[in-house]
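Chemist: Respectively, the protein sequence lines represent chains A and B.
Letter 620 of the first sequence, counting from 1, is numbered 620 in the working numbering, and no numbers are missing.
Whatever position you read off the second sequence (first residue = 1), add 1000 for the working numbering.
Note that beta-carbon positions come from the ideal geometry of N, C-alpha and C, so glycine has one too.
Predicted model only: the values in this text are computed from it and were never measured.
Supplied in structure tokens, the structure appears directly below.
There are 2 protein chains.
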Amino acid sequence: MDVFKNFRMGHGFCKRLETLAIEETIPYLERALYDEIDGAEKSHAIENFRLAAEMNETGECRGTFYGMVFQDSDVAKWLEAAAYSLYQKPDARLHQRVRDVVALIERAQQKDGYLNTYFTVKEPGGRFSNLREAHELYCAGHMMEAAVALWECTGDTQLLDIMRRMADMMVLHFQGENSDAFPGHPEVELALYRLYQATGETQYRDLALQFINARGTSDFYQKELDKDGVVIWSKTVGNPAYSQAHKPVREQTDAVGHAVRAVYLYAAMADLAGETGDASLLAACKTLWQSITRRRLYITGGIGSSAKDEAFTVDYDLPNDTAYAETCAAIGLIFFARRMLELETGGQYADTMELALYNGVTAGVALDGKSFFYVNPLEAIQGVAGDTINHSHVRTQRAQWFACACCPPNAARLFTSLGRYAWGVSEDTLYSHLYIAGELNCLDTHGMRVALETEYPVGDTLQYRIVQADSDRDMTLAVRIPAWSQQTAVLINGETTDSVLTNGYVYLRSLRSGDTVTVKLDMRPRRMYPSWKIAADSGRVAFMRGPLVYCAEGVDNQGDVLNLSVSPKAEVEMLADDCIGDVPKLRVAGFRAADTNALYSAKPPQWTDAGITLIPYFAWANRGVSDMRCFLPERG
Amino acid sequence: MDVFKNFRMGHGFCKRLETLAIEETIPYLERALYDEIDGAEKSHAIENFRLAAEMNETGECRGTFYGMVFQDSDVAKWLEAAAYSLYQKPDARLHQRVRDVVALIERAQQKDGYLNTYFTVKEPGGRFSNLREAHELYCAGHMMEAAVALWECTGDTQLLDIMRRMADMMVLHFQGENSDAFPGHPEVELALYRLYQATGETQYRDLALQFINARGTSDFYQKELDKDGVVIWSKTVGNPAYSQAHKPVREQTDAVGHAVRAVYLYAAMADLAGETGDASLLAACKTLWQSITRRRLYITGGIGSSAKDEAFTVDYDLPNDTAYAETCAAIGLIFFARRMLELETGGQYADTMELALYNGVTAGVALDGKSFFYVNPLEAIQGVAGDTINHSHVRTQRAQWFACACCPPNAARLFTSLGRYAWGVSEDTLYSHLYIAGELNCLDTHGMRVALETEYPVGDTLQYRIVQADSDRDMTLAVRIPAWSQQTAVLINGETTDSVLTNGYVYLRSLRSGDTVTVKLDMRPRRMYPSWKIAADSGRVAFMRGPLVYCAEGVDNQGDVLNLSVSPKAEVEMLADDCIGDVPKLRVAGFRAADTNALYSAKPPQWTDAGITLIPYFAWANRGVSDMRCFLPERG
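Spelled out as structure tokens, the structure:
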């Protein structure tokens, strides 16, 4: 069950994210899609729909498609975010604007249900001829997600009807000789599953499963290339692992290729594993989860270490300065984690989900919500970041907008639907996965209503209150205890309890209206030691407090960070009164190396004692250009 | 004065290199050029000359050009190396083979003197139309160097005559409207200067200077592109800094672009600065020297940190695992350094020349002389090196041959002419730059003959003996004292002397026949601390002994190197009886981290004491595939 609509957020860290999305990002995106922002890269996304409508209505159009071939998806993600925004905070103007866009989309839809502005405007004969590269199923998937969200949040069915027609024509098309097809960029699979959940139409679920099952089982990409009349951009199929098509999904053991594609695919695989009970599909999901989280994950929750292909590489290849770690990939990891939590209760899934949310994703958005990182390095040095061939993808400052604008609307749709990730519900248990202040109301369905008060991730205390519990139901409250919390106290109505930790959760049973559950987490700042197999990190440590990764920025440390080493045994102090992004900084004793002219010297550097100030990683690059580093060397 | 022919090498480290070149590399290259090696990449270089000859003689040819557009230069570099080889060790068979090749080259030369097989065979109308990319002046330059070497070493003038005709036609061509031209890949400039030194023809020197002066002063590359009938491979001129054409050479302050191009250009600039006394050209050379050696140099003497463009990037951007550090670039740095030494005496030039020779260059050739590295990383980890997109250029084992075969013949021509780098001669002084055992005989020209006995770089003692000194000349022996030698003893006839160190050299005057000069260098192994500005190295140290950089290889260290940390204060011990490449290994106390499953953990690693074995960097990858690392973390 999706508890998104049952949750109302209170104040705190996540409320800030939701508010930024509603008040800044979504309105900004709207203006961007309409090309109303001076100085930003042109989007043309709405204009593409206008042209497609004109083409439908007159057989020709004045103007041509502009932008990425997946430009439609920017509109879709904005619509999905806008839907959540309307639910969180009704807004008649926005609702009208959404309706206008949906009406335009309907005009852009072809008679047989086909919807894609690139192919309608620019390559009318080429539809479904280059699934590997053309992203039309990707765009359709995002529009399906938007359609379901709009229907859930506003009751509007117009887009849902549009996308049902598109899905229906897809079901017709992808049978018989086309049943070996699958898209280059997974997304439609999880979207079709969502559409099936919303409509009950099993053929959508079946098509999702068909795409998943077909993937990597044939030379479909080559077959596409060899066909007459195909729209071709690349002359070869390249490396099929780039799009996880190198082998059948059930035989895939390593997370490879384009990271966003990977986690979108794995999310859909998890959906379908749950739906079908297919043990081999579930096993593949678990294996791929472990591949990511045990060997290919940045400490920030970022994934995809290579800028080339925006891709996973090999185990333990996690460079800090050239990291790609795309914001969208961390978001996709959250999607995957959330679905794994539906399949089995496991603290590891929620721990990773939280790690990605508070670090790798949140760093993608400026504190004021107005600029965005696509790429999230763990080290950025002026003169290097952005300035060498190998660092050309790295920015030291967030950009207003991108030619490829996938990340900002992706963050917006996540931040406006966090209840879905905070809570999980089974027949007899409410699972508190993330600690987001607010209230979960499942009275109608489960006979329980729970409020959570907390200052987390700044404060260490979670205060659950059973607002109401129907006495004829015996609901259990399961609270995740993060693996990093070494000493955790759990109290019921102020009394300690001997609740047992099972798979990362404590289960609190027989709660009654008015009962309180207090969880006190161990949020002492901690030093994090990387595996020695991560070459980039050897001899270095990172710092965390709770779910937050910290980093050193030059602005707090006399300008430079590369000259800093931390003292191995020093306590890490929290600077309760010195906050950034409403989160306290940390301080640890260390050393600063003196400047020297020698590139290499037999003379050791001259060290002076230095108090090193650390800020939460999500807040870096919010005070002008400054060097930044997460992993700092230890000096004995 | 070029003292190459005055020097006869004795036994020792460099003799091994010379012997490998003569006995292994040069014969191997010969077979490669003739396509006689099974399983190696086809060269076709000799065949290209045959086709060009056929084209000249009949107006058509059966077959077509194959290989890089600069394939001719492989033949040229082999000829140059063969010339030196013939001087070091006469060999009638090789000499005949050389004569055969030269005769073939003459047949491939067009009537007007033009020589280039690519344009003769494949693009007859395109000569000199794409200097930016076509490498025809680069090929001509290498052939000029070969011609001069053959004449110097064997007295043969046939190739010299051929290349004089080519140079003459170039002088005619590159005047008037073509006087703004300059080649994309510098090389012909230093070659024309060498040809001028051999022939006394000042127009060759003047053309070299013209190319240097024209470089970066106009939009010549664009002009070339815009012309009709041009042979075009790239549609745009790209980044002119790639070929050091972004500004006039006298205004260049940072070493940028393709590293081999850069140092070949700077070497020619130094030649011409010395020839003309042009202070602004000399100043540019010094500035560029400092840019390299103070901010853009690997500790191994490698240069060019980026695989993309094989190029310099920015100051202090010196990654270890993705280093390019091409063997040819380190060789080119030696060329540049040697020429700077002609301009001013300075230990820094010879120190760097020696660093590159004993590390960055020598590592390019296997201990058996039969396989070669193009790329010389300072860290290579199995499963990463060669296996990720960013490490695709890195190899863990040397290859037999390359499609682009520039490095092996370049090393061969260097190793067979080391006398040129070991000694320098001015009117009144013999300079001992490198300590290569052997004898310098300048009796005819300078009235002095000096022998050097030494086990350097294994032994620490240099034993100079004045074999003969004419009493009517007052020659000085100047011996470089490396900057790394903290305590150096200099004795004349066994007695200490109070000789003063001036610019890195001690000057020993009034030596007579039979006198000995003994220099005892401080060759205690030393820990090398990188500048804190080199992000990749922070918290890590390297080890050197004398001019040799050391590294840890898995094969000596229980398989892994990433789990090793060195103890900051531990003495480094020399393992006199445990050698590789005839050089003792080192050992230093340190720690080995235990294996762990956690990617990141709040628990510190479990460390056990470990004696870490280090081998000289030049000898890595000679015992099968093994992880390797130069910079090791220190753990207090």
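Please confirm whether A:M528 has its beta-carbon closer than 9 angstroms to some beta-carbon of chain B.
Modeler: Mapped onto the first sequence, residue 528 of chain A falls at position 528. Chain B, which has a Cβ nearer than 9 angstroms to the Cβ of A:M528, makes this yes.
Chemist: Measuring only between beta-carbons, confirm whether B:D1315 sits less than 9 angstroms from chain A.
Modeler: The residue you call residue 1315 of chain B lines up with position 315 of the second sequence. Chain A, which has a Cβ nearer than 9 angstroms to the Cβ of B:D1315, makes this yes.
Chemist: Only counting runs of 3 or more residues, tell me where the beta strand (DSSP E) segments fall wholly within the segment 1003-1057 of chain B, in order along the chain.
Modeler: 1007-1009
Chemist: Just to make sure I have the definition right: I need the residues of chain B whose C-beta is within less than 7 angstroms of the C-beta of A:P604. Which are they?
Modeler: By 1-based counting over the first sequence, the position of residue 604 of chain A is 604. Within chain B, the residues near A:P604 are Y1529.
Chemist: For the pair the segment 1042-1052 of chain B and the segment 1069-1083 of chain B, tell me if three or more CB-CB distances fall below 8 angstroms.
Modeler: The segment 1042-1052 of chain B is in contact with the segment 1069-1083 of chain B.
Chemist: Counting contacts by CB-CB distance shorter than 9 angstroms, is B:N1390 in contact with chain A?
Modeler: To locate residue 1390 of chain B, count along the second sequence from 1; it is residue 390. Yes, because at least one Cβ of chain A sits closer than 9 angstroms to the Cβ of B:N1390.
Chemist: Can you tell me whether DSSP reads B:K1585 as helix, strand or coil?
Modeler: The residue labelled residue 1585 of chain B in the question sits at position 585 within the second sequence. B:K1585: strand per DSSP, three-state reduction.
Chemist: Should A:E80 and A:Q158 be called a contact, given that it needs their Cβ atoms to be closer than 9 angstroms?
Modeler: Residue numbering aside, residue 80 of chain A sits at position 80 when the first sequence is read from its first letter. Residue numbering aside, residue 158 of chain A sits at position 158 when the first sequence is read from its first letter. No. Outside cutoff.
Chemist: Classify A:Q252 as buried or exposed, calling it buried when 16 or more other Cβ atoms lie within 10 Å of its own Cβ.
Modeler: Start at 1 with the first residue of the first sequence, and residue 252 of chain A comes out as number 252. Buried, because 16 or more other Cβ atoms sit within 10 Å of the Cβ of A:Q252.
Chemist: In whole angstroms, give me the CA-to-CA distance for A:T388 and B:T1313.
Modeler: Stepping through the first sequence from its first residue, residue 388 of chain A is reached at position 388. Stepping through the second sequence from its first residue, residue 1313 of chain B is reached at position 313. Going by the C-alpha atoms only, they are around 6 angstroms apart.
Chemist: Would you say B:Q1397 faces chain A, with C-beta separation under 9 angstroms as the test?
Modeler: As a working mapping, residue 1397 of chain B is identified with position 397 in the second sequence. No, B:Q1397 does not count as interfacial toward chain A.
Chemist: For A:M1, count neighbouring Cβ atoms within 10 angstroms of its own Cβ and tell me buried if that reaches 16, exposed if not.
Modeler: Here residue 1 of chain A refers to the residue found at position 1 when the first sequence is read from its first residue. Answer is exposed; the Cβ neighbour count stays below 16.
Chemist: If B:G1277 sits next to B:E1342, beta carbons under 8 angstroms apart, how far is it from one beta carbon to the other, in whole angstroms?
Modeler: Residue numbering aside, residue 1277 of chain B sits at position 277 when the second sequence is read from its first letter. Residue numbering aside, residue 1342 of chain B sits at position 342 when the second sequence is read from its first letter. Between B:G1277 and B:E1342 a beta carbon distance of about 13 angstroms is seen, past the 8 angstroms cut, so the two are scored as non-contacting.
Chemist: Could you name the residues of chain B that A:P633 contacts, counting a contact when the two beta carbons are closer than 7 angstroms?
Modeler: On the first sequence, residue 633 of chain A is found 633 positions in, with the first residue counted as 1. Those are S1538, G1539, listed as they occur along chain B.
Chemist: Pairs of beta-carbons, one from the segment 315-328 of chain A and one from the segment 402-421 of chain A, closer than 8 angstroms: are there three or more?
Modeler: yes
Chemist: Between the C-alpha atoms of A:E553 and A:G590, what's the straight-line distance to the nearest angstrom?
Modeler: To locate residue 553 of chain A, count along the first sequence from 1; it is residue 553. To locate residue 590 of chain A, count along the first sequence from 1; it is residue 590. Cα to Cα, A:E553 sits roughly 15 angstroms from A:G590.
Chemist: For A:F321, go through chain B and note every residue whose CB falls closer than 7 angstroms to its CB, in chain order.
Modeler: For the purposes of this step, residue 321 of chain A is taken as residue 321 along the first sequence, with counting starting at 1. A quick correction: the sequence has Asp, not Phe, at residue 321 of chain A. Within chain B, the residues near A:D321 are A1535.
Chemist: Which class does A:E177 belong to by DSSP, given the choice of helix, strand or coil?
Modeler: Within the first sequence, residue 177 of chain A is the residue found at index 177, counting from 1. Residue state, collapsed to three classes: helix.
Chemist: At least one CB of chain B closer than 9 angstroms to the CB of A:Y600: is that the case?
Modeler: Mapped onto the first sequence, residue 600 of chain A falls at position 600. Taking Cβ atoms only, chain B reaches closer than 9 angstroms to A:Y600, which makes this a yes.
Chemist: Is it buried or exposed, B:P1240, if we count other Cβ atoms within 10 angstroms and call 16 or more buried?
Modeler: Walking along the second sequence from the start, residue 1240 of chain B turns up at place 240. Its Cβ being crowded by 16 or more others within 10 Å, B:P1240 is buried.
Chemist: Return the residue from the list A:E41, A:V490, A:I334, A:E136 that minimises the CA-CA distance to A:L414.
Modeler: Numbered from 1 along the first sequence, position 414 holds the residue referred to as residue 414 of chain A. Taking only the C-alpha atoms, the option nearest A:L414 is A:I334.
Chemist: Determine, for A:I299, whether the minimum Cβ-Cβ distance to residues of chain B falls below 9 angstroms.
Modeler: Within the first sequence, residue 299 of chain A is the residue found at index 299, counting from 1. Yes, its Cβ sits closer than 9 angstroms to a Cβ of chain B.
Chemist: Which of the three DSSP states, helix, strand or coil, is assigned to A:F312?
Modeler: For the purposes of this step, residue 312 of chain A is taken as the residue at position 312 of the first sequence. DSSP places A:F312 in coil when its eight states are reduced to three.
Chemist: Within the 9 angstroms Cβ cut-off, does A:P482 reach chain B?
Modeler: Mapped onto the first sequence, residue 482 of chain A falls at position 482. By this cut-off, A:P482 is not an interface position.
Chemist: Between B:N1390 and the rest of its own chain, which residues show a CB-CB distance below 6 angstroms, the 5 nearest in sequence each way excluded?
Modeler: In the second sequence, the residue the question calls residue 1390 of chain B occupies position 390. Closer than 6 angstroms at the Cβ level, and outside the excluded window around B:N1390, lie T1322.
Chemist: Kindly indicate which residue of A:I299, A:D219, A:N213 has the alpha-carbon position closest to the one of A:Y266.
Modeler: As a position in the first sequence, residue 266 of chain A is number 266, starting the count at 1. The shortest Cα separation from A:Y266 among A:I299, A:D219, A:N213 belongs to A:N213.
Chemist: Rank A:A330, A:T461, A:L209, A:Q222 by C-alpha distance to the C-alpha of A:D271 and give the top, closest one.
Modeler: In the first sequence, the residue the question calls residue 271 of chain A occupies position 271. Residue A:L209 is the option with its Cα nearest to A:D271.
Chemist: Decide if B:T1064 is buried, meaning its Cβ has at least 16 other Cβ atoms within 10 Å, or exposed.
Modeler: Taking the second sequence and counting its residues from 1, one reaches residue 1064 of chain B at position 64. Classification of B:T1064: exposed, given that the 10 Å Cβ count is below 16.
Chemist: Quick one, which of B:R1261, B:I1534, B:L1575, B:R1449 has its alpha-carbon nearest B:A1245's?
Modeler: For this step, residue 1245 of chain B is matched to residue 245 along the second sequence. For the residues B:R1261, B:I1534, B:L1575, B:R1449, the minimum Cα distance to B:A1245 belongs to B:R1261.
Chemist: Just checking, does the segment 450-467 of chain A make contact with the segment 510-528 of chain A on the three C-beta pairs under 8 angstroms criterion?
Modeler: yes
Chemist: Give the residues of chain A in contact with B:K1308, contact being defined as C-beta atoms less than 8 angstroms apart.
Modeler: The residue given as residue 1308 of chain B occupies position 308 in the second sequence. In chain order: I389, N390.
Chemist: Any chance you could list the beta strand (DSSP E) runs of at least 3 consecutive residues sitting entirely within the segment 414-496 of chain A, in chain order?
Modeler: 423-425, 429-432, 438-442, 448-454, 461-469, 476-480, 489-492
Chemist: Let me check understanding here. Comparing Cα to Cα, which of B:D1627, B:Y1456, B:L1131 lies closest to B:I1436?
Modeler: Residue numbering aside, residue 1436 of chain B sits at position 436 when the second sequence is read from its first letter. Nearest of B:D1627, B:Y1456, B:L1131 to B:I1436, Cα basis: B:Y1456.
Chemist: Using CA coordinates, which residue listed in B:K1005, B:F1004, B:M1009 is at the minimum distance from B:A1451?
Modeler: Translated into positions along the second sequence, residue 1451 of chain B becomes position 451. B:A1451 has its Cα closest to that of B:M1009, out of B:K1005, B:F1004, B:M1009.
Chemist: Assuming A:P584 and A:V500 make a contact with CB atoms under 8 angstroms, what is their CB distance in whole Å?
Modeler: Locating residue 584 of chain A in the first sequence gives position 584, counting from the first residue. Locating residue 500 of chain A in the first sequence gives position 500, counting from the first residue. 33 angstroms between Cβ atoms; not a contact.
Chemist: So with Cβ pairs under 9 angstroms, would you call A:W289 a contact of chain B?
Modeler: Within the first sequence, residue 289 of chain A is the residue found at index 289, counting from 1. Closer than 9 angstroms: no.
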